[in-house]
Structures are given as C-alpha cells and as structure tokens.
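So the sequence shown is residues 1 to 637, counted in UniProt numbering.
Structure first, commentary second.
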Amino acid sequence: MSSTQVPEFFDRDRIAAGLGSTRRRRPLLLLAESWSGTEPGSEVLDFLAGTEVFGGLDRAALRELFVALDPVHVSAGEVVLDADRAPDALHLLAYGRLAVRSETGTREIGPGQVVGAAALLGADPADATHVHAVRDSLVLRLGVAGFERFAAAHPASLLGLCRALVRTGSGPVTGVPAPTAPAVTVALLPAGSGPVPDELAAALVAALGRALEVTSASVDAALGAGASGTEPADPRNGRLLAWLQRVEAAHRFVVYRADDGDTEWTRRCLRQADRVVLVAPAGDDPEPGPAERALARVPGEQRRDLVLLHPAGTAAPSGTAAWLAGRGITRHHHLRAGDTGHVERVARYLSGTARGLVLAGGGVRGFAHLGVMRALDEAGIPVDAVGGASIGSLMAGFYADGLDHDQRVRQARAAMVEKGSMVGFTPPFVAVSSGRKVTRLLREEPSFAGMIEDLWLPYFAVSASLSQAREIVHETGPTWRAIRASIAIPGVYPPVHDGTQLLVDGGVMNNLPVDVMAGVVGDGPIVAVNLQPTGSGRRTPAEFDLAVSGWRVLASRLNPFTPRMRVPRLGDVLVRSMSLSTARLQRDRLASRSIELLTPPVGRSGLLDFRAGPALVDPAYRYAVEALAQNRAAVGT
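What follows is the structure, encoded as structure tokens:
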C-alpha cells in the first residue's frame, strides 16, 4: 500500500463487527490478541515504527504508546477535526484517507500521516484546520492525557518525539500546499448507460502493478452469496470490512469495480475509494447513468477522474465539454482502444507518478522545444501533461494534439515561417502588429482548431491579466484563443479581450510555469525547458547614443551606402524584458521542488525572426539527447 505497512485492524469478526458505519471507540489493547506475530501487537508496532512521527522510538516505548492509542472508525464524509475548535488530540491515519483543509489550501493524507500534532505540545495550530474522511477510514487517536502518561514513563524518548511532532505539526509553508498522497484504492464507476469494459479494468490493474480488482462477484465468492450487498448497519458489516482491509493491506493498489447501477456494492466501492474514476464511451449520451446516482448518496469528496473511451483510429476527441459539465471532474483522460500508452498514463496519474512537460516562452527560440520533444520521444520518456507560456504554449499545443516529431516540425514551419512574418506592421497606437495575421494562422491550424479539453493530453496555456494583475491558466475553451492570449507580447500584438479582462503574454508573469504543472501532476516528475541563453550564447550589445532616431535607423537599413546602425530591435527588447521580469520568481519556483531542467542552445537570432527557427531544432535535439542520458546515468536508470 505504501512504504508504511498498514496493520490488519479488523482481523476478527467479533472485534470488527462493531466497527460498522457509526463512529465507535475500542481500546487498542483489546485488538492485540487478534494480530499474528512473535509478540502481542507486533503488526501495529511495526506500523508505528514505520511512521515519521513515531519512527524514532524504541520497541519498549512503542509498546507503551500502543496502549495509549484509541482506534476510531470514521465514515466517509465524517469530520475528524473541526476548524472552529482547537485540536485536542493527535490523529494518526491507519487506514483510508483524510482531507485537510486550511488557509493554505486543501490536501489529502494517507496511512502513516498525522494531523493535530500541535495539541500534544500545547501550541496553537498554525492556522484553522478542518479534517474530514474522504473514504471510510480508521484513525488512531492519541489524547493529551495519554501522551503525558507516555512522556512520564519514557522521558528519554521525549526529546526526539517532540522534535518529530514539531516537524509534523508545522504544516506546509504558506502558499506552497503539501503534496496530496497518491491514490491506493480506486473505484471504477460507469458513466452514462454502459458498463465498465472488462478489458479496460484488466489493463488498468496490469498498468498499476501489484494491484487487484475487486468486484461484487469476487466478494461473494470469498464471503458467500450476497456478501457484497451488506449494508453498513448490518451486523455482518464488520466481516466484510475486515476482508476488504486485508485485501488492501496485501496490495499496493486495489481497484474496486462498481456495478452497472446504484447498488449497495456500488456505494461500498465509493466509500472505500481514494479516487473515483468514471468511465464511458466518448460517443455515448453524456447524461448521467444509473450508477452515477450513487455519488449523491455517499458522503465524502473523493477526487473524480473521467476516462472517455475512443474507438481505434480516432483522429481527435470531440464533445468532451458535455461530459465534464456538472460532474465535478478533477482530471479527464482520453483513451484510444488498443493504445496501451493511454492506459498507462491514467495509471501514472492514479499512482502519483504522472510526468509533466513545461515549455518556456522566448520568441523564435521556441523552435528548440521541438528538438527537446523529439529527444523525449526517442528516449521513451512518457509525457502525461504539457503546458507553457507564450511560444511554449504554442509548441505544447502540437504535442498535446498527439502529433509526431515530423508533423510538429512541418506544422510549426507552415504556421510561422512559410507564410511570412507573423508580425505584420500597423500604426503602433495599440501594438506594432494588428494581430490579424497571427490570429488567422492560429485559427486555421488543425491542432488548435478545437477545444483544449478535446486534446489527447492534459494541456494548459498561461496568460496574464492586465485588468486584474494576475496570472490566468487556460485549461478549457478554444485552443487557438488560449494560445493567442498567451503569445500576446505587449507592444507587439494587441491584448486579447475575453469578455471581462484584457489578456497579454503569459511570460509577463510566469515564463516557465512549473508551479502550474505541479498542480496538474502533483508529486510526479516535471521536465522544464528553459529558453534563457547560457553564457556562451550571449553576445556583447553594440554601443549607441542615449537618443535614438527611428528615422535614422530606417534610413540606415534602406540606404546600402551608409553603415547599418546596430541597435536593439523593439520586439527583442519587449520579449527580453518580459523574461527578465520573471527571472527571479522563476528561480525560486525551480528551487522549490525536484525538476529536470533543460536549457538547449538557442542561437543569436532576433527573437521575432521566425525564419531562423528551424535551424534551432537539431542542436536542441542533440543537446537534449546528451542531457537526458547523463541524468539517467546519474540516477542509475
């Protein structure tokens, strides 16, 4: 299940029978006799030893702590800690999943993690915290009185324990929420009218690894006919809970496959799930089906993924927005029949290992992204989400559409090189370009003609709001329009009006949006491609007067008999200024987590001279091949 082995708390029917749907407490010592091992309670002692907060205690201290813990069964949706009241005990999660909501955001914790540690130290919590069960869970409660008895009996262990409690109770740094624990139990729920296909369930179990599929039929086979339909209030509920807990303890992942309708087993699957995955053929009626009615009957706030199944040979998804409407979906996935890579991508999202690719802005330098993407493809490194700012958002759009390298290069050349300059001159009252040509090129580009939600990969583009002075992340809506906003370099292209605000180039506020990608892939790895030149790629700027006449510059370019004035171009100044304005923030974001940063060579051409772009592809490819190989050699993969 995790690096922390979860003990089987419901090992005997007579002990577990009382732990049904209501919240009840039983002294942990009464459960010790049901655990196997060389000493009483050995499994729970191993569990405690594997946690961060109690891992530093010796066996004798853990045995004393064991007596002080109070097991509490918490049903899905039930409150563990109320934000309106200060915590009066530490709660260690032994089984299930809890949602922790505070001023810094919402995160989820899994087995072995704690909340309410500040209560044992007599300190005020950093901020008000509300904790509730995402699914049926078991927490081990350590009250202040029990902690004080333990401290009196084991004073030598107190210093190390207090240090661990301080680390655990300090919470996430403001503005940087702690990562959410990956899913370990998944409920497959039919969306629409059809069942979850057998082949999809089998493929997902195989892709997850160390996983087991549990259905109403398999439960009935193990526990007797009708066992899967046991209601929470039924005295036999404890026996079913005990069996399910043993199954979860024995496997890294458990995939609960719901029935086709709103049955007791379907509701049980939802109560047991860390994550709910709704599954439907993309071409079906998007109206909610009978099994989805169970969602309204089961409390809790599990994250919901949507998997849309497409026939083999489908060129591009369509109509996704209708499936997303009203379902509260966290992330959706498009799966094409016969493509094992699509199923593996879903598995990586569920296991917390999805990989994101972030592409920076930088004008013509964006062609280097094409070389990096080719290197990733050839190295067999899967990319599960892609996004970027400015030119990075455009190149990311090609990747999210599922194009191969040759197609990406061909369409980038067609859009930005073969049809002449993308910056057509107009009297510069708003910008030096009217934006008409670049808008038309984006609208006519096949990869950008549809909706973002219809792209094969999760995708985002970043722009900046002039009206609200904040970053805007585009994850839905017309792809071409999101890219048009993201590349709206102030002074070069007019801003984009979205009905309520003016949007300009995303590089103004976040030129390399790794933080946005972290919100998409969670704790998964991120590859970031920066387009800032290295020291060897820079050149000393030419000197010029403090006053520069545009007429003289124009004359020097038109008259072949006069020396050409060497002055920085307007577009270059604007693009470079944007990247400089976010450089420090970018460094801080890169330092906040482990990121594979690639900085390919980007040449010395003008940043809006797109004719020079194709020449950047191969050098970036060769650089990325070598950089990726070195990184894998360093980590031994």
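Cβ atoms here follow ideal geometry from the backbone N, Cα and C, with glycine treated the same way.
Check the DSSP bridge columns for residue i and list the partner residues they point to.
i, result
"T106", "R101"
"T185", "V254"
"D70", "R141"
"L597", "A528"
"P190", "V279"
"M451", "P478"
"E213", "V255"
"Y95", "L138"
"L81", "V131"
"residue 638", "Nothing can be reported for residue 638, as the shown portion of the chain is limited to 1 through 637."
"V114", "L92"
Kindly indicate which residue of the options has the alpha-carbon position closest to the one of residue i.
i, options, result
"S465", "L308, S218, A488 and G96", "A488"
"A145", "L65, A250, I391 and G238", "L65"
"S434", "V279, G491 and L531", "G491"
"E457", "E475, V514, A449 and L212", "Residue identity check: residue 457 is Leu in the sequence provided, not Glu. It is E475."
"I391", "R374, I381 and G363", "G363"
"Y459", "V386, Y399, H497 and S421", "V386"
"H251", "F398, A282 and V214", "V214"
"R101", "T129, L138, Y623 and R85", "T129"
"I483", "V516, A389 and H497", "A389"
"P195", "L441, P281 and A624", "P281"
"T314", "P525, G326, D339 and F147", "D339"
"A325", "E287, P299 and I452", "E287"
"Q245", "F150, S137 and P299", "S137"
"A76", "S447, D70, Y95 and D259", "Y95"
"Q407", "E445, G380 and V343", "E445"
"N631", "M422, E596 and D618", "E596"
"Y623", "L598, D234 and A321", "L598"
"A321", "G341, K419 and P478", "P478"
"residue 640", "H154, C162 and R210", "The first residue shown for the chain is 1 and the last is 637, placing residue 640 beyond what the model contains."
"A249", "V298, G380, G112 and S216", "G112"
"A225", "S594, P232 and S216", "S216"
"D498", "G56, L62, I472 and A620", "I472"
"F253", "S228, A201 and Y621", "A201"
"E378", "H73, G50 and L628", "L628"
"R327", "G289, D70 and G341", "G289"
"D58", "P155, P525 and V247", "P155"
"S486", "P235, K437 and M395", "M395"
When the cut-off is 8 Å and only beta carbons count, does residue i lie next to chain B?
i, result
"G361", "Within the model displayed, chain B is absent; a lone protein chain is all it includes."
Give me the Cβ distance between residue i and residue j, rounded to the nearest whole Å; I'm assuming they're in contact under 8 Å.
i, j, result
"V277", "A187", "7 Å"
"R345", "H333", "7 Å"
"V131", "L81", "4 Å"
"L616", "A368", "5 Å"
"V409", "R611", "With a Cβ gap of about 15 Å, V409 and R611 do not count as contacting."
"L370", "A412", "6 Å"
"D384", "Y349", "7 Å"
"V602", "L531", "6 Å"
"V205", "V255", "5 Å"
"S218", "D284", "Not really, about 27 Å apart at Cβ, beyond 8 Å."
"A119", "D88", "6 Å"
"D454", "S318", "5 Å"
"W323", "L308", "6 Å"
"E108", "V134", "6 Å"
"residue 642", "R303", "What the structure shows of the chain is the stretch from 1 to 637, and residue 642 is not part of that stretch, so it cannot be assessed."
"D262", "P190", "Going by Cβ atoms, the distance from D262 to P190 rounds to 11 Å, so no, they are not a contact pair."
"P480", "A449", "Note on identity: in this sequence residue 480 is Trp, with Pro being the wrong assignment. Contact holds; Cβ gap of about 7 Å."
"F398", "S463", "At roughly 18 Å, the Cβ-Cβ gap does not stay under 8 Å, so F398 and S463 are not in contact."
"P494", "L503", "P494 to L503, Cβ: 10 Å. No contact."
"V516", "A528", "The pair is not a contact, with the Cβ atoms about 11 Å apart (cut-off 8 Å)."
"H91", "G116", "5 Å"
Any heavy atom of the ligand NAP closer than 7 Å to the Cβ of residue i?
i, result
"D454", "As presented, the structure is devoid of all ligands, the ligand NAP included, so that no description of it is given."
Please specify which runs of the alpha helix (DSSP H), each continuous and at least 4 residues long, are wholly inside the region 250 to 307, giving them in chain order. 264 to 272 and 293 to 297
In chain order, which continuous runs of the beta strand (DSSP E) of length 3 or greater are located wholly inside the region 456 to 510? 459 to 465, 470 to 474 and 502 to 505
Inter-stretch contact at 8 Å, needing at least 3 Cβ pairs: the region 514 to 521 / the region 347 to 361: yes
Completely contained beta strand (DSSP E) runs for the region 324 to 392, where each covers 3 or more residues: 331 to 336, 356 to 359 and 385 to 389
Could you say if the region 261 to 280 and the region 292 to 301 meet the contact criterion of at least three C-beta pairs nearer than 8 Å? yes
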